[in-house]
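Residues in the sequence shown are numbered consecutively from 1, following UniProt numbering. From the three backbone atoms N, C-alpha and C, an ideal C-beta is built for every residue, glycine too. Below: one structure, written as structure tokens.
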Amino acid sequence: MEEENPGNKIILTLLNGTGYVFEVEDYMKLRRDHHIVGSLVGTCASRGWSASECTMPVELTPWETRLLVEQGLAVLVSKKTSLLREENELERKQYQEQLEQRISQQEEALKEEKLKQSEGNIEKILAGKRKKLMKQGIAEKDIKLDPQEILNEIRQSIKFERKNALLDIPCAHPEPHDGRIVTFPDSDTSLKYLVFRDLWSRGKYVSCGDAFGADFLIYPGDPLQYHASHVVVLLENGSMKALELVANVRLSVMVNKLCVVAYFDNEGDKDGGGKDRKITYQTITWMGDKDKERRQFGNMNVNTS
Numbered sequence: 001m002e003e004e005n006p007g008n009k010i011i012l013t014l015l016n017g018t019g020y021v022f023e024v025e026d027y028m029k030l031r032r033d034h035h036i037v038g039s040l041v042g043t044c045a046s047r048g049w050s051a052s053e054c055t056m057p058v059e060l061t062p063w064e065t066r067l068l069v070e071q072g073l074a075v076l077v078s079k080k081t082s083l084l085r086e087e088n089e090l091e092r093k094q095y096q097e098q099l100e101q102r103i104s105q106q107e108e109a110l111k112e113e114k115l116k117q118s119e120g121n122i123e124k125i126l127a128g129k130r131k132k133l134m135k136q137g138i139a140e141k142d143i144k145l146d147p148q149e150i151l152n153e154i155r156q157s158i159k160f161e162r163k164n165a166l167l168d169i170p171c172a173h174p175e176p177h178d179g180r181i182v183t184f185p186d187s188d189t190s191l192k193y194l195v196f197r198d199l200w201s202r203g204k205y206v207s208c209g210d211a212f213g214a215d216f217l218i219y220p221g222d223p224l225q226y227h228a229s230h231v232v233v234l235l236e237n238g239s240m241k242a243l244e245l246v247a248n249v250r251l252s253v254m255v256n257k258l259c260v261v262a263y264f265d266n267e268g269d270k271d272g273g274g275k276d277r278k279i280t281y282q283t284i285t286w287m288g289d290k291d292k293e294r295r296q297f298g299n300m301n302v303n304t305s
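See below:
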């Protein structure tokens, strides 16, 4: 059963169990208005794949996807049936005609550009041809060169190699297609989702903290403009071993961030599905010789494999 998108909400395409954003305008709205960052996972084909240079589409984390749907900001849509079906003969013919039209337009555009360049250098071209004819023994007074004929010859000589044609590969699907709105079966009462939702509701930008051995990173503004200010470590059972505590705090010191631990308050409701359980945050700072530790860590050579 196909459904329409109510209220012009942002459409998230369901792939690999989470939402993807294919429209640039939608992603800019999510990032600017709703503090949702996601991860660019597209490839810049002209440069090859690079972890630091990615483009659309954007992959959202499962908790980002759930949050947007629960807040009524987006709908999660499955397009599997529509986009994976085999096209019919008429659709294949229309696609081939459109492809040929785009290639022909590129060929004409290339010829026009080459002719413009030739028109700008027509005097030099005529002088070169005149000199060549004079070397062949033809008197200068007998040489008659028509600029328009020369340009027509140039136009006919321009060859367009189809293998060098630029093909448009749109990020979002260019043709109308159907989708089925997907709903989450039940609410998520996990500590990770509830902490993410709580931090987001406070107006923070929150991203994955795997790069720093944490669960989340908190930014005071858009990550393109600000460095993360806090690393967040989740304590599922409300406790942490001393060595883990020291390691997390010292790591946060080395990267100039504050370490925050988050856990459920034991006084919250445990039997009601976790909905009423209170989240407790504690900020931990390292009181050692920070300058000395930075010097020591700065001189270390770390090998990764």
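Got a sec, what are the start and stop residues for the alpha helix (DSSP H) Gln106 sits in?
89-120
Quickly, what does DSSP pair Val75 with across the bridge? List them, please.
Ile11
When you compare only the Cα positions, how much space is there between Val261 and Asn237?
12 Å
Would you kindly report the start and end of the unbroken beta strand (DSSP E) that includes Arg180?
180-182
Mind checking Ala216: buried by the 16 CB within 10 Å criterion, or exposed?
Reading the sequence as shown, one finds Phe at residue 216 and not Ala. Buried is the call here.
Could you spell out where the beta strand (DSSP E) holding Phe196 opens and where it closes?
Taken as a continuous stretch (DSSP letters only), Phe196 belongs to no beta strand (DSSP E), being part of the alpha helix (DSSP H) at 191-201.
Touch check for the region 97-108 and the region 156-168: three-plus C-beta pairs under 8 Å?
yes
Do Ile181 and Glu75 come within 7 Å of each other at the CB atom, strictly closer than that value?
Per the sequence shown, the amino acid found at residue 75 is Val instead of Glu. Result yes, Cβ atoms of Val75 and Ile181 sit closer than 7 Å.
Would Glu64 and Ile36 be called neighbours here (beta carbons separated by less than 7 Å)?
yes
Take Val69 and list the residues in its own chain whose beta-carbon comes closer than 6 Å to its own, dropping the five residues that flank it on each side.
Leu76
Glu23 bridges to which residues according to DSSP?
DSSP, once it has assigned bridges, lists no residue as partnering Glu23.
Between Glu244 and Asp198, what straight-line distance do the alpha-carbon atoms span, to the nearest angstrom?
25 Å
Compute the beta-carbon to beta-carbon distance between Val195 and Ile279, rounded to the nearest angstrom, for a pair I have assumed lies under 8 Å.
6 Å
Please classify Gly238: does DSSP put it in a helix, a strand, or coil?
coil
For Glu59, which three-state DSSP category applies?
strand
What do you reckon, are the CB atoms on Cys208 and Pro57 nearer than 7 Å?
no
Presumed contact (8 Å Cβ cut-off) between Arg177 and Lys79, rounded CB distance
Contrary to the premise, residue 177 reads as His rather than Arg in this sequence. With 8 Å as the limit, His177 and Lys79 qualify as a contact, their Cβ atoms being about 6 Å apart.
Where does the unbroken alpha helix (DSSP H) through Ile154 begin, and where does it stop?
147-157
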